[in-house]
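Chains as they are written, first to last, in this note's numbering: chain A, 1 to 338; chain B, 1001 to 1395. Here's the structure we're looking at; comments come further down.
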């Protein structure tokens, strides 16, 4: 009888496991924390700070979602994922969402079964070389060894660019950003290619940042944004609007500093809706009515997060460029909050 | 079904208490449950994939791959289909495994014998190597060799230059590559003829020695044949071989053949790690041969080297070969750790890059597992055949 009872127990366990998934939002609430997939460490975007707390521009998106759900930016568990492990991690439900410099492409959206919930950084692929090579343009790179991340869109763009321009190259591929940095620093390759934001971040961590230059050519569009599993629309909306809230807050001039004043005294109807003074917007998402207020209060608006993590006054030193608001000459634009 | 059996036989002894019937019943039950479990897993997977809108199937194999690889034994470019990337990665795995196995065996045997040497320095030197290499995790050794290679070797423009034809720097070992002219196939044929000739001479010499006791200088004859015949053919056909030399042009050396540092680091780590285990296996094998055998051989006036070669090793091999097989399998499977340093073998390229670019996780992993299974089983079959050949034939 020992065997039969064992088998019965195994069977029971299987069916329980098979029916455990309701909605992601309910799962997250029941678990008490959000599980967010980030990079294995990219300065300015997602890296542990000197206190061991994850910080960065992508991390802020995770924190915004956690604040929206729980009112507490600390209720996130960060799971470092490589370029290779990120998609299986999300497909299998090991993470609730990814915020890790992931380019929105047709294949990923349609074939891999994901839903991109917005763009938090408009980027493009570039090349970084040593200054002493004397290279001024990417079109002079014929025959170079190029360090690149495996399984990325940059790997494919790299092949396309060299092929389109009748140039040859030798790829040197690694899985993690820090491996590439070490190899590039040791002169294993002449060129480092990835998104220009990533190049700026990596350059700041090289042994002599000033010896390296990012070439002017941008060879691709790389819209980076958070993504979730396809099919759970409620959860997709939560992530989408958590990011949108940060952008809208910047448009409306709401910051973490003045959000309390705004909530108390603003006459602007969109600000009143955003901060939960008017209407019932949070509950329609399955969240509290002050969720957006909490996000702005603790994480800040888009500009605050940008300046804190990657802006000109940080070691990364990225100008806003195309990531400025559409009203300031950029292409950052969020749908209206109504 | 078992329930029906019970009701039919209730007239005689109750089958419920028959141990054999119960045993069969439990076995059938286990099989049925297992099959149900597999079916459940399969349908669940299919359902989940469909729910998430993930396409399945092997249709992606003839799509262009679009990515480049740093090291390939076949003609491969970004426009080649995924299938070529698969072949390439399998060949790279076989390449490193084969060279690794050969080198590890040689080094392992040498150190295993050295460990048993009566010379204190030689024995202790071997002991230090064996203990160190066996007791540090392989992944660490790979990283050690890799970053060692990257930082210890000179930079591109300060390459170690051997006769303007071989260059060594931290981008790799650049060598001239041969270009075969017309008629070179005769050289290959001459070599094969020489090999067959050597095998036949060895058999003939062994028979003659058994019959007459006279020895024949097999080694020198074999060396002469294997070198001489192809050289002769080479000269007769008018030296149909030229070399393409690597030259520093622009960013890198162009032309010639290159062994990338990832390959060198992986080979060093895999070889030295596995050789340490093989060394211990060899030592155990030799010690398993009773000392009386050596003494008997010496008493007959056989010299120490010959004693080792003809008396000890053949008997030791019976103990050595089975665990040696496991080490070969380990080396092959451990080559998958190359993913950590970017040597483009099966796991790095196929279940890494391709899996990620196509999202066909199940297909890629399945193909990878099948390849490893095939390689491992082939090694096993070969080693089992060899083991049977050398095993003690009991009379």
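Just so you know, even glycine gets a beta-carbon here, dropped at the ideal spot from N, CA and C.
Beta-carbon within less than 6 Å of residue 1107 of chain B's beta-carbon, same chain only, minus the 5 sequence neighbours each way: which residues are those? 1275
Determine the chain A residues that contact residue 1151 of chain B at a beta-carbon separation under 8 Å, and present them in chain order. What residue 1151 of chain B touches in chain A, judged by beta-carbon distance under 8 Å, is 186, going in chain order.
Among A:327, A:315, A:328 and A:324, which residue has its Cα nearest to the Cα of residue 44 of chain A? A:315
Determine the burial state of residue 1060 of chain B: buried for a count of at least 16 other Cβ atoms within 10 Å of its Cβ, exposed for fewer. Burial call: buried.
In terms of DSSP beta bridges, what is residue 54 of chain A paired with? A:48
Short-range partners of chain A found in the segment 1356-1378 of chain B, where Cβ spacing is below 7 Å: 1356, 1357, 1359 and 1361
Which parts of the segment 1034-1060 of chain B are runs of the beta strand (DSSP E), unbroken and 3 residues or longer, counting only runs that do not cross its ends? none
Which residues, in order along the segment 1322-1339 of chain B, keep a beta-carbon less than 9 Å from a beta-carbon of chain A? 1339
List the residues that DSSP assigns as beta-bridge partners of residue 229 of chain A. Within the DSSP secondary-structure output, residue 229 of chain A pairs in a beta bridge with A:114.
I want to verify the contact list: residues of chain A whose CB lies under 8 Å from the CB of residue 1352 of chain B, in sequence order. 84, 150, 151 and 175
As a quick exercise: from B:1145, B:1044, B:1316 and B:1118, pick the residue whose alpha carbon is nearest that of residue 1271 of chain B. Per the C-alpha coordinates, the member of B:1145, B:1044, B:1316 and B:1118 positioned closest to residue 1271 of chain B is B:1145.
Contact set between residue 170 of chain A and chain B, taken where Cβ atoms lie within less than 8 Å: 1068, 1070 and 1252
Taking C-beta pairs closer than 9 Å, name the residues in chain B that residue 144 of chain A reaches, listed in chain order. 1250, 1251 and 1252
Roughly how many angstroms lie between the CA atoms of residue 1283 of chain B and residue 1312 of chain B, to the nearest whole one? 11 Å
Residues of the segment 221-235 of chain A in Cβ contact with chain C at a cutoff of 8 Å, in chain order, please. In the displayed structure, chain C is absent; the protein chains listed are A and B.
Can you find a C-beta in chain B that's less than 9 Å from the C-beta of residue 196 of chain A? no
Same chain, Cβ closer than 8 Å to residue 217 of chain A, five either side skipped, listed in chain order: Excluding sequence neighbours, residue 217 of chain A sits near 126, 127, 137, 138 and 139.
What does residue 1345 of chain B touch in chain A if you count any residue whose Cβ is under 8 Å from its own? Those do not exist, as residue 1345 of chain B stays about 12 Å from chain A at its closest Cβ, beyond 8 Å.
Assign residue 1120 of chain B to one of three DSSP states: helix, strand, or coil. helix
Along the segment 1154-1171 of chain B, what residues have a CB closer than 8 Å to any CB found in chain A? 1155, 1156, 1170 and 1171
How would you label residue 1097 of chain B, buried or exposed, when you count the other beta carbons within 10 angstroms and need 16 or more for buried? buried
Run through DSSP, which three-state label would residue 343 of chain A get? Look at the range of chain A in this structure, 1 to 338, and you will see that residue 343 of chain A is not part of it.
Could you tell me the alpha carbon to alpha carbon distance between residue 1002 of chain B and residue 1139 of chain B, rounded to whole angstroms? Any reading at residue 1002 of chain B needs caution, since the residue's pLDDT is 47, under 50, leaving its predicted position unreliable; the model's value is listed next. One C-alpha to the other measures close to 53 Å.
Should residue 1220 of chain B be labelled buried (16 or more other beta-carbon atoms within 10 Å of its own) or exposed? exposed
Ignore the nearest five residues each way along the sequence and tell me which others in residue 1090 of chain B's own chain have a CB closer than 7 Å to its CB. 1346 and 1371
Within a Cβ cutoff of 7 Å, which residues of the same chain sit near residue 305 of chain A, ignoring the five residues on either side of it in sequence? 57, 60, 246 and 299
Tell me, please, whether the segment 34-51 of chain A touches the segment 79-87 of chain A by the rule of three or more beta-carbon pairs shorter than 8 Å. yes
What's the C-alpha gap between residue 1308 of chain B and residue 1316 of chain B? 10 Å
Using a C-beta cutoff of 9 Å, does residue 91 of chain A count as contacting chain B? yes
Nearest to residue 1356 of chain B (by Cα), restricted to the options A:164, A:156 and A:202: A:156
Counting only C-beta atoms, is residue 1233 of chain B closer than 9 Å to chain A at any point? no
Where residue 1182 of chain B falls: helix, strand or coil (DSSP): coil
Whole-Å CB distance - residue 224 of chain A paired with residue 214 of chain A, under 8 Å assumed: Not a contact, Cβ separation roughly 17 Å.
Is it the case that the Cβ atoms of residue 329 of chain A and residue 122 of chain A are separated by a distance below 9 Å? no
Determine the direct distance from the alpha carbon of residue 1072 of chain B to that of residue 1080 of chain B, and round the result to whole angstroms. 12 Å
For residue 1391 of chain B, does the count of other Cβ atoms within 10 angstroms reach 16, so buried, or fall short, so exposed? exposed
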